Amino acid sequence: AQTVTQSQPEMSVQEAETVTLSCTYDTSESDYYLFWYKQPPSRQMILVIRQEAYKQQNATENRFSVNFQKAAKSFSLKISDSQLGDAAMYFCAYRPQHHDMRFGAGTRLTVKP
Amino acid sequence: GAVVSQHPSRVICKSGTSVKIECRSLDFQATTMFWYRQFPKKSLMLMATSNEGSKATYEQGVEKDKFLINHASLTLSTLTVTSAHPEDSSFYICSATDRGATGELFFGEGSRLTVL
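Residue numbers (our numbering), protein chains in the order written: chain A, 10 to 122; chain B, 17 to 132.
So this is what it looks like as structure tokens:
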């Protein structure tokens, strides 16, 4: 079975500080994609960052970066210089090639001013 | 980026009636669309996968006669909740893939269904 685990239901960070959200997954596939999506109160799913499993280099998108450990099946998200607008629900997602996407339970991030 | 539009965003209906939700890919051809359901403060649960021109594949536990999915064209998939009951009240989200190399799914805005 392919599962995605987010062990932190809630996280809090001070504005301008750094926070790391954890994610682990289970798969027997060798070729797949990993994602972090943000879901604000509007509930629109917004792609934060994407990682191809065959790439060893960790993906980065401005203040967002990942720590991808393929052997450990770990995919954490680091948010630097946190902003009030970063407050949202964050979902880690796994998708093997040409298949559906599976989501973790989510982590609710609160940013304190 | 690719845009997926979902309509209606909110719908309220009486118990026993049917409701149709549309999902359109606006600027790309979506050979595959996915329908998810999300309960309050919960994650997205895959309901079914629809491929253009063929029958949808439903996840275990999802009643195919309750949730009718039609993917008649490369840009439109519909989800019909038949004989809706209060327990069907939920947030439904569609997504589509353009089969590109990114593996990304593009999500609609979601539809909040309330069954009275």
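From the three backbone atoms N, C-alpha and C, an ideal C-beta is built for every residue, glycine too. What you are looking at is a predicted structure, and each value in this text was computed from that prediction instead of being measured.
Here the alpha carbon of Arg59 of chain A sits roughly 22 angstroms from the alpha carbon of Ser21 of chain B.
Annotated three-state conformation of Pro102 of chain B is helix, per DSSP. Selection B:Ser31, B:Ile37, B:Ala18 and B:Lys30 evaluated against Ser127 of chain B yields B:Ile37 as nearest (Cα-Cα).
Within the segment 45-60 of chain A, contact with chain B at the beta-carbon level (separation under 7 angstroms) is assigned to Arg52, Gln53, Met54, Leu56 and Arg59. As the crow flies, the alpha-carbon of Met54 of chain A is around 14 angstroms from that of Thr116 of chain A. Secondary structure at Leu60 of chain B: strand, using DSSP grouped into helix, strand and coil. Cβ neighbours of Ser41 of chain B within its own chain (closer than 6 angstroms, five residues either side excluded): Val20, Thr91 and Ala112.
Separation of Ser99 of chain B and Phe123 of chain B (C-alpha to C-alpha, rounded to the nearest whole angstrom) is 26 angstroms. For Pro105 of chain A, the enclosing beta strand (DSSP E) starts and ends at Ala97 to Pro105. Looking at the backbone, the Cα of His108 of chain A and that of Tyr34 of chain A are separated by about 16 angstroms.
Taking a 10 Å sphere around the C-beta of Asp43 of chain B, we find fewer than 16 other C-beta atoms and assign the residue as exposed. In this structure, B:Thr96 is the residue among B:Thr73, B:Ala18, B:Asp114 and B:Thr96 with its C-alpha nearest to the C-alpha of Lys82 of chain B.
Assignment of Leu132 of chain B by DSSP, reduced to helix, strand and coil, places it in the coil class.
Under the three-state reduction of DSSP, Leu93 of chain A is assigned to helix.
By the C-beta criterion, the segment 60-76 of chain A is judged to be in contact with the segment 36-45 of chain A, since at least 3 inter-stretch pairs fall below 8 angstroms.
Non-local C-beta neighbours of Leu62 of chain B in its own chain, meaning closer than 8 angstroms and more than five positions away in sequence, comprise Phe50, Trp51, Tyr52 and Glu75, ordered along the chain.
Taking 8 angstroms as the cut-off, the beta carbon of Ser66 of chain B is found closer than this to the beta carbon of Ile85 of chain B. For Asn86 of chain B, the enclosing beta strand (DSSP E) stretches over residues Phe83 to Ser89.
Residues of the segment 66-95 of chain B with a Cβ closer than 7 angstroms to any Cβ of chain A: none. The criterion of a C-beta distance shorter than 8 angstroms is satisfied by Glu24 of chain A and Lys121 of chain A.
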